[in-house]
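Okay, so here's the structure we're looking at.
Protein chains: 6
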Amino acid sequence: MSEKRTALVISAHAADFVWRCGEAIALHQQLGYEVTVVCLSFGERGESAKLWKQGGMTLDRVKAARRREAEDAAAELGAHDIRFLDLGDYPLELDREARFRLVDIIREVQPGWMMSHSKWNPYNTDHMYATQVALECRMIAQAWGHNPGQKVLGAPQLYLFEPHQTEQMGWKPDVFLDITPVWEKKRAAIECMEGQQHLWEYYTNLARNRANHFRRNSGGQAGGRNAEYAEGFQSVFPRTVDELT
Amino acid sequence: MSEKRTALVISAHAADFVWRCGEAIALHQQLGYEVTVVCLSFGERGESAKLWKQGGMTLDRVKAARRREAEDAAAELGAHDIRFLDLGDYPLELDREARFRLVDIIREVQPGWMMSHSKWNPYNTDHMYATQVALECRMIAQAWGHNPGQKVLGAPQLYLFEPHQTEQMGWKPDVFLDITPVWEKKRAAIECMEGQQHLWEYYTNLARNRANHFRRNSGGQAGGRNAEYAEGFQSVFPRTVDELT
Amino acid sequence: MSEKRTALVISAHAADFVWRCGEAIALHQQLGYEVTVVCLSFGERGESAKLWKQGGMTLDRVKAARRREAEDAAAELGAHDIRFLDLGDYPLELDREARFRLVDIIREVQPGWMMSHSKWNPYNTDHMYATQVALECRMIAQAWGHNPGQKVLGAPQLYLFEPHQTEQMGWKPDVFLDITPVWEKKRAAIECMEGQQHLWEYYTNLARNRANHFRRNSGGQAGGRNAEYAEGFQSVFPRTVDELT
Amino acid sequence: MSEKRTALVISAHAADFVWRCGEAIALHQQLGYEVTVVCLSFGERGESAKLWKQGGMTLDRVKAARRREAEDAAAELGAHDIRFLDLGDYPLELDREARFRLVDIIREVQPGWMMSHSKWNPYNTDHMYATQVALECRMIAQAWGHNPGQKVLGAPQLYLFEPHQTEQMGWKPDVFLDITPVWEKKRAAIECMEGQQHLWEYYTNLARNRANHFRRNSGGQAGGRNAEYAEGFQSVFPRTVDELT
Amino acid sequence: MSEKRTALVISAHAADFVWRCGEAIALHQQLGYEVTVVCLSFGERGESAKLWKQGGMTLDRVKAARRREAEDAAAELGAHDIRFLDLGDYPLELDREARFRLVDIIREVQPGWMMSHSKWNPYNTDHMYATQVALECRMIAQAWGHNPGQKVLGAPQLYLFEPHQTEQMGWKPDVFLDITPVWEKKRAAIECMEGQQHLWEYYTNLARNRANHFRRNSGGQAGGRNAEYAEGFQSVFPRTVDELT
Amino acid sequence: MSEKRTALVISAHAADFVWRCGEAIALHQQLGYEVTVVCLSFGERGESAKLWKQGGMTLDRVKAARRREAEDAAAELGAHDIRFLDLGDYPLELDREARFRLVDIIREVQPGWMMSHSKWNPYNTDHMYATQVALECRMIAQAWGHNPGQKVLGAPQLYLFEPHQTEQMGWKPDVFLDITPVWEKKRAAIECMEGQQHLWEYYTNLARNRANHFRRNSGGQAGGRNAEYAEGFQSVFPRTVDELT
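Protein chains in written order, with the numbering used here: chain B, 961 to 1205; chain L, 961 to 1205; chain R, 961 to 1205; chain U, 961 to 1205; chain C, 961 to 1205; chain V, 961 to 1205.
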């Protein structure tokens, strides 16, 4: 078991993980990781406009539809597990008990790295709230006095995945991941989001342009890696290494 | 030759590389890298107070003494090569020709990574100037039209080593390097700096405290790596990877 | 009705809107806008020192006095409407229900632009809290699943009006508004604030100096607009235009 | 003549203006502006890799090819004028005389707005140097004692066009321009850059994704403008207005 | 009584004040100040790993042990008073009533200056929360309408003491305090923290290196004060003076 | 002589010191300091619009007029000395020899504190250049190898005085100086600037409003010092103290 490699993605709304780090999930599954996704809410109130524009919609029907889409996308990506905490959105709020549920999952997964939203987002306060909660729950999971006897958390990196309109969020990627080998999986996952077809092209464009950034930073015109699709991430914590590269 | 791993350290004054990245040099030499150090000046005017306080000192004698110390330190660290451009200090200034000399060295070394000072330094404008020059010369070395036919530079990382009074310089390390195996070499190199004994303890304290940061970020109380000495660096450019860790 | 132009000012305490954007209110009313002001609290505990220094004061009497002043000022400015949510101050706190009341107002007004406090304020945490709430409620008002069937909010700009001690708050104006034509109204509104006479001169000085900034940025010594009074604002969101000016 | 509307784009290398603000040029020409482009260099050494990879290339041949491409692109965009200062690149350097030549052009054009590169660029120091020069020359052009008797410059906005890898440059757009009506012109201009076909798709993707940002900020899901292509810009100076929008 | 000089340190967990400002407490006591320490929690869950690793531990036993250590350390430092609010940690949360208890203490102490944690801390959200609370309660303590009749608070400075891994927290010291005369007291206080022996050396190293910074900023090689131990602090508010020094 | 207290103000153009720190000069002279002012240029090209608008003006006549005004203002303020380096403006440029002249003055004065412009100024690049030069020359003046035998400089604070449009310059005051006792001197000095009457009111307003900030930070509504006029400054370096206040 000490060999098992794991990761945990904390998504404010059901679809966020698909657009923003779908490839990272698929790629790491392929590398042998078990990647767990936690959806704090379904995005049922705030990110389901297309459903609400239909007649006769109820909150439960929206949640069910969003859940189904997220499960389908997670399956396309090969995610190890997906959990829905159903905590409500717009606004998303986690009371002490809800945060402890998230801590339980963190301890259960013992992630090698964690991933969530950008630190600042004036368009979507749920997103930055999710990151604040991720940091707080990471801290609680490290506390020897929280459920004494449980295995405490180490010091996993927290990556921040790419927000919409990166510059407005003050998000700055410090690592680009070549996801060329799994691109088809991400595209398939994206297409599970039937209500947001206008974003399919958007995220395909983005992945192709991030690949240009990958190439620039891995050799440039002198011959960088020929990545075709990439995703970028921002690290919250410093790395610890035995060699600089 | 394609296997050769190389690195280049650009030091504004003769001693800077010892205090700030001596261990990184020693460690990478041990890992099989060829690390070249370029000293843009000897620090003969501004960083040789102890020598100037002696009687009968001349600029040439100061330069010679500083050069000897730097060579000795480089030898203790096992550096592959050390070059002295003798461009003058306080202020350090590189005209077009001097910058092209630095570009020549960059192209000759073809470094896998480069290293220099922090971006901002109100105490020591030579330091931030050296970094500005490092960025400019990295760019020129990438130009296919500069000395056409020469091998152009790829896209090496530029690491910024630790300045004195980090917080005043806006320097933030994003990578900690465990240099426990080579600590004795750094200590020996530091002790070559006979004129600055008060800094021997300073940098030993620092390396031990940075090891605490290393441990915090590699597992913390749940069992991080037991590093005893470490150095921190800030990256200018994003990394390109196949796996998040 | 599609022609109606509207704006919404969210003021943490009863008097804030007068000092900080009184002229913007008066000017836009004159331009045909309907400007609604929401006072989240009366500033009864924390911004009514002069009243509390009088004998026999009670919370209700302070609230009543502050309300009267704010209503008088709003009348001087010609504001379309003023609402008092009476949520308490020092600290100001909005529970879920209170935030939904604010969302109701936002949806009712359907503002073309919104306005609130600076993002950071170490002197007055109510102020920065009001801005955080404004962003959160703007987001909720855009949610198709919040009170389905209601008209959802578009994407109005959120302007941040000028805080006291701008530099300490990290506030940076990106737009200056010439309020020369309505200055007398602002002065009259300011004078409704009987308990704070020492600020009358302060804000008059400020408006005159901001006019100097207006002139600098509209032509300078080569002939800028001769504004005599101005107000500055910071935009949270980017603008969308058909022409650069 | 007081009716003439003018703009000035300052491009470090010959092609920069095409990728980064081609549409803004075409659009404003269509709106009746006279847009002048100044290319400080041809990018002959540093941005012409494809040409240098051919046999028998000389600096003059590269310059001629780059000039032709830039002229063709300017023609496709309908630019009023394009000037080549031929000041050399990698590194670009303007001595006093060269800066005064740029001042002469600024005064001749009397631009309603100016445009140049981002403030920071660790990959390409020529780019940030061009912006520094643009600010300095704008200031000189405003000086009544510089060539007394000439018409001095007013206070035009300086827009910063989009750099490659925006987040690494600290560039944050505060205005999005809908360039749907002139997209075909930009595409045609881009295709004049024969040596950089890999960037054709990149900038087309970018323009489409920026249109998504335009829509988000002009109404979002409640019905923003249906822009299909957009460009973003960052303003250096505050605006002066008569009405907030 | 007008002569009495006072200070208030707000510590998220029981031990924080020892490591981070122990010397400032001891020194100011020696200067005649009455320094009160408020521990918002005991750090019983999150900062007592060594105790929890022992068998048969309970929350109450941990709290008691932590309290004893903190009291001993406060005694070594000569602190005037230490209060334990026992509000729980990991996460620390203060409801309205708890914040009013803190306001009561602030008003009772009437501190000449206050001190707390850094503004940002992704490792330990309790720390940044304590600072947020300190600012909010400082504001409430200034409100004439909070417990009318009580003496309101003036405008004391809020100093932020040194966090672990300063650069990750964005903490920048703007004042260094020479604590050479009281160093032995801090060392004795540190040694009261029996569970954290690995930090004894860490904070001794730190104090010695901060003394180097003190010397650099008080004269440097031209003869600064020969401080041997120092502590650094960041000020939140500007100072008001009669003379620049 | 060891008792002599000294200060040095480095002003890019002849009038800058009057508007921006006139009171600090007058106050410190009154406190027994010898304050020397260095004007790097006369502002003859860029800050003398009114003179150039007159007929028959020459560069020499403008310089003479600006010099006279500056000398008169310095006399009103009681400045110990004023030096004119006549290095030209718009742009201001100091070659190595000119910087060494400034170093000579710094060493001659041996200032207890130095003062110059803000770090960033997109409107006036001469201003930020002057600060860059001030930092560089401070460093050179500390070098034991620069003119060996001369008394080297210690580590004086560098204060940045208030720029026009503070928020655009990223300038943040951390110290407010009560200059009520010498206000009449500043007003008299301001009135020496005959060509800029429109700024007399501006800077009077500013000094009165800064006094409001002084009061806020020295006690607020609980009874701060009743300053009537104040100036604000930003410190570049940390302070070293024996007591926190």
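All C-beta atoms, glycine included, are put in the ideal place defined by N, C-alpha and C. A quick note: this is a predicted structure, and the numbers were derived from the prediction, not measured.
Original post:
CA-CA distance, B/K1079 and U/V997?
Top reply: 39 Å
**OP:** Using a Cβ-Cβ cut-off of less than 8 Å, list which residues of the region 971–993 of chain V approach chain C; keep chain order.
**Re:** A984, L987, H988, L991
**OP:** Drop a sphere of 10 angstroms on the beta-carbon of R/D1020, count the other beta-carbons inside from all chains shown, and report buried for 16 or more, exposed for fewer.
**Re:** exposed
Subject >> When L/A1094, L/N1084, L/Y1083, L/R1059 are compared against L/M1074, the one with the closest alpha-carbon >> reply: L/A1094
Subject >> B/A986 burial status per 10 Å Cβ neighbour count (16 or more: buried) >> reply: buried
**OP:** For the beta strand (DSSP E) containing B/W1073, list its first residue and its last residue.
**Re:** 1073–1076
**OP:** Helix, strand or coil for R/E1203, going by three-state DSSP, please let me know.
**Re:** coil
**OP:** Check whether the region 973–983 of chain L touches the region 998–1005 of chain L, counting contact only when three or more Cβ pairs, one atom from each stretch, lie closer than 8 Å.
**Re:** yes
**OP:** Would you check if the distance between the CB atom of U/A967 and the CB atom of U/V995 is smaller than 8 Å?
**Re:** yes
**OP:** Please determine if the region 1097–1113 of chain U and the region 1011–1020 of chain V are in contact, where contact requires at least 3 C-beta pairs separated by less than 8 Å.
**Re:** yes
Subject >> Start-to-end residues for the alpha helix (DSSP H) that takes in L/R1043 >> reply: Premise fails: L/R1043 lies in the beta strand (DSSP E), 1041–1044, not in any alpha helix (DSSP H).
Subject >> Where R/E1191 sits in the DSSP three-state scheme >> reply: strand
Original post:
Taking DSSP as the reference, what is the three-state secondary structure of U/L1166?
Top reply: helix
Subject >> Any chain V beta carbon closer than 8 Å to C/R1224 >> reply: Beyond the ends of chain C as shown, which are 961 and 1205, falls residue 1224 of chain C; an answer cannot be given.
Original post:
From which residue to which residue does the beta strand (DSSP E) around R/C1097 run?
Top reply: Counting along the chain, R/C1097 falls outside any beta strand (DSSP E), though it belongs to the alpha helix (DSSP H) covering 1085–1101.
Original post:
Going by the beta-carbon positions, is the gap between B/T1091 and B/L1052 smaller than 8 Å?
Top reply: no
Original post:
Once you ignore the five residues that flank V/I1100 on each side, which residues in its own chain have a CB closer than 6 Å to its CB?
Top reply: V1063, H1106
Original post:
R/V978: buried (16+ other C-beta within 10 angstroms of its C-beta) or exposed?
Top reply: buried
**OP:** Run down chain C in chain order and give the residues with a C-beta less than 7 Å from the C-beta of V/A1115.
**Re:** R1176, N1177, S1178, G1179, G1180, G1184
Original post:
Does B/N1169 get closer than 8 Å to chain U when you measure Cβ to Cβ?
Top reply: yes
Original post:
Among U/K1111, U/A1058, U/D1202, which one has its Cα closest to the Cα of U/F1044?
Top reply: U/A1058
Subject >> Cβ-based burial, B/N1081 [other Cβ within 10 Å; buried from 16] >> reply: buried
Original post:
Does DSSP classify L/T1140 as helix, strand or coil?
Top reply: helix
Original post:
From which residue to which residue does the beta strand (DSSP E) around V/Q1117 run?
Top reply: 1117–1121
Original post:
When Cβ atoms are compared, which residues of the region 1098–1113 of chain C fall closer than 9 Å to chain V?
Top reply: Q1102, W1104, K1111, V1112, L1113
**OP:** Could you check if V/E1122 is buried or exposed, using at least 16 other CB atoms within 10 Å of its CB as the buried criterion?
**Re:** buried
Subject >> Spatial neighbours of V/C1097 in its chain, beta-carbon cut-off 8 Å, leaving aside the 5 residues before and after >> reply: R1059, L1062, V1063, I1066
**OP:** Could you name the residues that DSSP lists as bridge partners for C/V997?
**Re:** C/V969, C/I1042
**OP:** Just the chain A side, please: which residues come within less than 7 Å of V/V1135 by C-beta, in chain order?
**Re:** You won't find chain A in this structure, because its protein chains are B, L, R, U, C and V.
Original post:
Terminal residues of the continuous alpha helix (DSSP H) containing V/A974?
Top reply: Per DSSP, V/A974 belongs to no alpha helix (DSSP H) and is neither H nor E.
Original post:
Where do the N-terminal and C-terminal ends of the alpha helix (DSSP H) with B/R1067 fall, by residue?
Top reply: 1056–1069
Original post:
What number of angstroms, rounded off, separates the C-alpha of L/N1165 from the C-alpha of L/T1140?
Top reply: 14 Å
**OP:** Give the DSSP-derived three-state secondary structure of B/V1196 in the structure shown.
**Re:** coil
Subject >> CA-to-CA distance, R/G1180 to V/E1007, given in whole angstroms >> reply: 12 Å
Subject >> Contact the region 1184–1196 of chain B vs the region 1126–1141 of chain B: 3+ CB pairs below 8 Å >> reply: yes
Original post:
Looking at the structure shown, is V/V1112 part of a helix, part of a strand, or coil, going by DSSP?
Top reply: coil
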